[in-house]
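Read the structure below first, then the notes.
In full-length UniProt numbering, the protein residues as written are 1 to 588.
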């Protein structure tokens, strides 16, 4: 028994050592075999090759193909133009005096006293009149102009108005006459009112200054309104200080409420400026007659002279059409018969629904520019004559769209009255004369004075100022856009357009200061066109709606599966290198 116990104890004593030997053998079998240096070096080269391709080839290609090109823009200059720090539009108008009846000394004295009176009356520093005698700087004749270079002719200031002083014995007080077809003002005065050399404020000078103020009052008010709407502050040539900035309301002396309302209404009615307008004349009738009209001869007689006068400002294309069975819109209230007026009437509040845009073929986008529509509506014989109830008028203007004329031709004297089958030029005369006045209003021409050339010159100055301010504002908007959205591209053509815009803006401003308004308008038109082209560049507009979050959403599904194995392999290799480096440092 003792022997058995000893054997048992001996066997129990040797059992743990045998278990340790077996576990160590099992662990040795589970460990991977050590890598040889060639395999480690091969793995290192593979990982290094992948990252070298990514860093030295893939990343530059990605950077080149996805980078956004942003051309350099003169941001500060663009902002300064928008803020009105570079140019404040001024309008020095040259008035020429022809005084053949007075000696030169008396003529100069009359001009000096008139100029002083004008300066005292004028509170609008941006708009001032400069009086000159024609003998001081004679206007070049046609032969002289042909012999000079074009640049030399352009350097001369334009004559806004020519005043002829004519003595008349039978007058008790001076009177004026403005020629309707020219920019000439005749002033008839009694010889007794010729100012003596000692007079400081003669009545004749005060009268001439008052007449000039009256002629230009509407132009001043419109320009003041344009400058106020542009938020340029004032019209002084020097920028206002921060402590004493001139407010728009102080630009011009208070004008009558009637004139202010008239100017505001005309500005709301007028079309936005465009280099080319398309005029569409349309004949509409609810029946089958009239089916033809002498529109070509009517346009040539009543509209073409006006379009030729507008040639320095706008270009025009003309089209005409006839539409039979043109009924009112279903929402349009039907005309009502008024026994007092003995006519069918349309209420003023219903005129906005007169145009049946759903059925009448009126395309607003014919041609290269905006369309101005002129509607000649011939009512049915059963509803003729047709007028506006409140005013008995037969025409009205649709703001920023066109005009309408109700033509009530004489009906045939038969049992069943009918409209004439053809409208002659004489029958179209009232309508087209009305269309010509409506066209002036829609193009923004002032209502006064009676001289059309005078009003067109005023419109040239107004358009030059409007386009200069509009292009300047667009430059400021483009500068703010490019700074607020650094992710949008700026193509080279945008930088070129901006440079062209700023150059023509500077030239237009200089022409305004020198009184060359036709040249100022030409430069302002180019500046406006280039400014609009740069602001609405397609590549820039498209990139605005592609934010960075979209880019991340595109790249993550592509880079995730590729990047994770490469990054993990790189980290393991770096960990091995660091471990080997530490092991070498521990060795004695």
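The C-beta atom is built at its ideal place from N, Cα and C for all residues, glycine as well.
Straight-line CA distance for residue 47 to residue 572? On the chain shown, residue 47 is found 47 positions in, with the first residue counted as 1. On the chain shown, residue 572 is found 572 positions in, with the first residue counted as 1. Answer to the nearest angstrom: the Cα atoms are 10 Å apart.
TODO: Take residue 208 as the anchor and find which of 189, 225, 198 has the nearest alpha-carbon.
DONE: Taking the chain shown and counting its residues from 1, one reaches residue 208 at position 208. Among 189, 225, 198, the Cα nearest to that of residue 208 belongs to 189.
Original post:
Among 530, 492, 531, which one has its Cα closest to the Cα of residue 69?
Top reply: Start at 1 with the first residue of the chain shown, and residue 69 comes out as number 69. Residue 492 is the option with its Cα nearest to residue 69.
Could you pull out every unbroken alpha helix (DSSP H) segment of at least 4 residues lying fully inside the segment 76 to 138, listed in chain order? 104 to 121
* Asked: What first and last residue would you give for the beta strand (DSSP E) that runs through residue 437?
  -> Here residue 437 is taken as the residue at index 437 of the chain shown, counted from 1. Careful: residue 437 lies outside any beta strand (DSSP E), inside the alpha helix (DSSP H) at 425 to 442.
Using a Cβ-Cβ cutoff of less than 7 Å, which residues in the same chain neighbour residue 91 once the five nearest sequence positions on both sides are dropped? Position 91 of the chain shown, counting from 1, holds the residue named residue 91. Answer for residue 91: 126, 127, 223, 461, 512, listed in chain order.
Check: Is it the case that the Cβ atoms of residue 314 and residue 276 are separated by a distance below 9 Å?
Finding: Taking the first residue of the chain shown as position 1, residue 314 is located at position 314. Taking the first residue of the chain shown as position 1, residue 276 is located at position 276. Taking 9 Å as the Cβ cut-off, residue 314 and residue 276 qualify as a contacting pair.
Worksheet item: Do you know offhand how far residue 540's Cα is from residue 497's?
Response: The residue given as residue 540 occupies position 540 in the chain shown. The residue given as residue 497 occupies position 497 in the chain shown. About 14 Å.
Discussion item. On the DSSP letters alone, give me the boundaries of the beta strand (DSSP E) that residue 162 sits inside.
Written reply: If you number the chain shown from 1, residue 162 lands on position 162. 159 to 167 is the span of the beta strand (DSSP E), which, as asked, contains residue 162.
(Q) Buried or exposed for residue 56, going by 16 or more other Cβ atoms inside 10 Å? (A) Locating residue 56 in the chain shown gives position 56, where the first residue counts as 1. Flag for residue 56 reads exposed.
With 16 other Cβ atoms within 10 Å as the buried cut-off, status of residue 109 | In the chain shown, residue 109 corresponds to position 109, counting from 1. Classification of residue 109: buried, given that the 10 Å Cβ count is 16 or more.
Checklist line | Span separating the alpha-carbon of residue 385 from that of residue 379 | finding: Locating residue 385 in the chain shown gives position 385, where the first residue counts as 1. Locating residue 379 in the chain shown gives position 379, where the first residue counts as 1. When rounded, the distance between both Cα atoms is 8 Å.
| query | Going by the beta-carbon positions, is the gap between residue 485 and residue 431 smaller than 9 Å? | reply | Within the chain shown, residue 485 is the residue found at index 485, counting from 1. Within the chain shown, residue 431 is the residue found at index 431, counting from 1. The answer is no: Cβ separation not under 9 Å.
Going by other Cβ atoms of all chains shown within 10 Å of its Cβ, with 16 needed for buried, is residue 579 buried or exposed? The count along the chain shown starts at 1 and reaches residue 579 at position 579. With fewer than 16 Cβ atoms within 10 Å of its Cβ, residue 579 is classed as exposed.
### Query
Are the beta-carbon atoms belonging to residue 161 and residue 95 less than 9 Å from one another?
Taking the first residue of the chain shown as position 1, residue 161 is located at position 161. Taking the first residue of the chain shown as position 1, residue 95 is located at position 95. For residue 161 and residue 95, yes; Cβs fall inside 9 Å.
Contact belief for residue 402 with residue 373 at Cβ below 8 Å, rounded distance in angstroms: On the chain shown, residue 402 is found 402 positions in, with the first residue counted as 1. On the chain shown, residue 373 is found 373 positions in, with the first residue counted as 1. With 8 Å as the limit, residue 402 and residue 373 qualify as a contact, their Cβ atoms being about 3 Å apart.
Going by CA-CA distance only, name the one from 570, 587, 308 that's closest to residue 51.
By 1-based counting over the chain shown, the position of residue 51 is 51. It is 570.
### Task
Please work out which residues of its chain come closer than 7 Å, Cβ to Cβ, to residue 613, disregarding the five sequence neighbours upstream and downstream, and give them in chain order.
Residue 613 is absent from the model: the chain starts at 1 and stops at 588.
What is the residue span of the beta strand (DSSP E) that residue 277 lies within?
-> Within the chain shown, the letter at position 277 stands for residue 277. Counting along the chain, the beta strand (DSSP E) containing residue 277 begins and ends at 276 to 284.
> Taking all protein chains shown into account, do 16 or more other C-beta atoms lie within 10 angstroms of the C-beta of residue 555, making it buried, or fewer, making it exposed?
Replying inline: Stepping through the chain shown from its first residue, residue 555 is reached at position 555. Exposed, because fewer than 16 other Cβ atoms sit within 10 Å of the Cβ of residue 555.
*Alpha-carbon to alpha-carbon, residue 455 and residue 304*: In the chain shown, residue 304 corresponds to position 304, counting from 1. In the chain shown, residue 455 corresponds to position 455, counting from 1. About 17 Å.
- Reference residue 205; option with closest CA among 107, 183, 260, 298: For the purposes of this step, residue 205 is taken as the residue at position 205 of the chain shown. It is 107.
Pairs of beta-carbons, one from the segment 329 to 348 and one from the segment 259 to 277, closer than 8 Å: are there three or more?
no
Can you find a C-beta in chain D that's less than 9 Å from the C-beta of residue 227?
This model lacks chain D altogether, as it is built from one protein chain only.
- Would you report the Cα separation of residue 489 and residue 53, rounded to the nearest angstrom? For the purposes of this step, residue 489 is taken as residue 489 along the chain shown, with counting starting at 1. For the purposes of this step, residue 53 is taken as residue 53 along the chain shown, with counting starting at 1. Taking the straight line from one Cα to the other gives about 28 Å.
How big is the Cα-Cα spacing for residue 320 and residue 295? Along the chain shown, read from residue 1 onward, the residue named residue 320 stands at position 320. Along the chain shown, read from residue 1 onward, the residue named residue 295 stands at position 295. Near 7 Å, if we compare the C-alpha coordinates of residue 295 and residue 320.
**Request:** Go ahead and label residue 119 buried or exposed: buried means 16 or more other beta carbons lie within 10 angstroms of its beta carbon, across all protein chains shown.
**Result:** By 1-based counting over the chain shown, the position of residue 119 is 119. Flag for residue 119 reads exposed.
#### Entry: Segment limits, alpha helix (DSSP H) that includes residue 523
One-based indexing of the chain shown puts residue 523 at position 523. Residue 523 -> alpha helix (DSSP H) spans 517 to 535.
- Which whole runs of the beta strand (DSSP E) in the segment 300 to 350 are 3 residues long or more, in chain order? 315 to 323, 336 to 338, 343 to 346
Reduced DSSP secondary structure (H/G/I, E/B, other) of residue 229 = Taking the first residue of the chain shown as 1, we reach residue 229 at position 229. Looking at residue 229 - three-state DSSP - the assignment turns out to be helix.
**Asked** Buried or exposed: which applies to residue 593, given that a residue is buried once 16 or more other Cβ atoms fall within 10 Å of its Cβ?
**Response** This structure gives no information on residue 593, because the portion of the chain shown stretches from 1 to 588.
| message | Just to confirm, is the Cβ distance from residue 518 to residue 312 under 9 Å? | response | The count along the chain shown starts at 1 and reaches residue 518 at position 518. The count along the chain shown starts at 1 and reaches residue 312 at position 312. Going by C-beta atoms, residue 518 is nearer than 9 Å to residue 312.
Exercise. Based on the DSSP output, what are the partners of residue 356 in its beta bridges?
Worked result: Residue numbering aside, residue 356 sits at position 356 when the chain shown is read from its first letter. In the DSSP output, where bridge partners are listed per residue, residue 356 has none listed.
- Message: Quick check on DSSP: helix, strand or coil for residue 555?
- Response: In the chain shown, counting from the first residue as 1, residue 555 sits at position 555. Three-state DSSP puts residue 555 in a helix.
Which two residues bound the contiguous beta strand (DSSP E) that contains residue 371? Sequence index remark: in the chain shown, residue 371 carries index 371 (1-based). 371 to 377 is the span of the beta strand (DSSP E), which, as asked, contains residue 371.
For residue 479 and residue 610, the rounded distance between their alpha carbons: Nothing can be reported for residue 610, as the shown portion of the chain is limited to 1 through 588.
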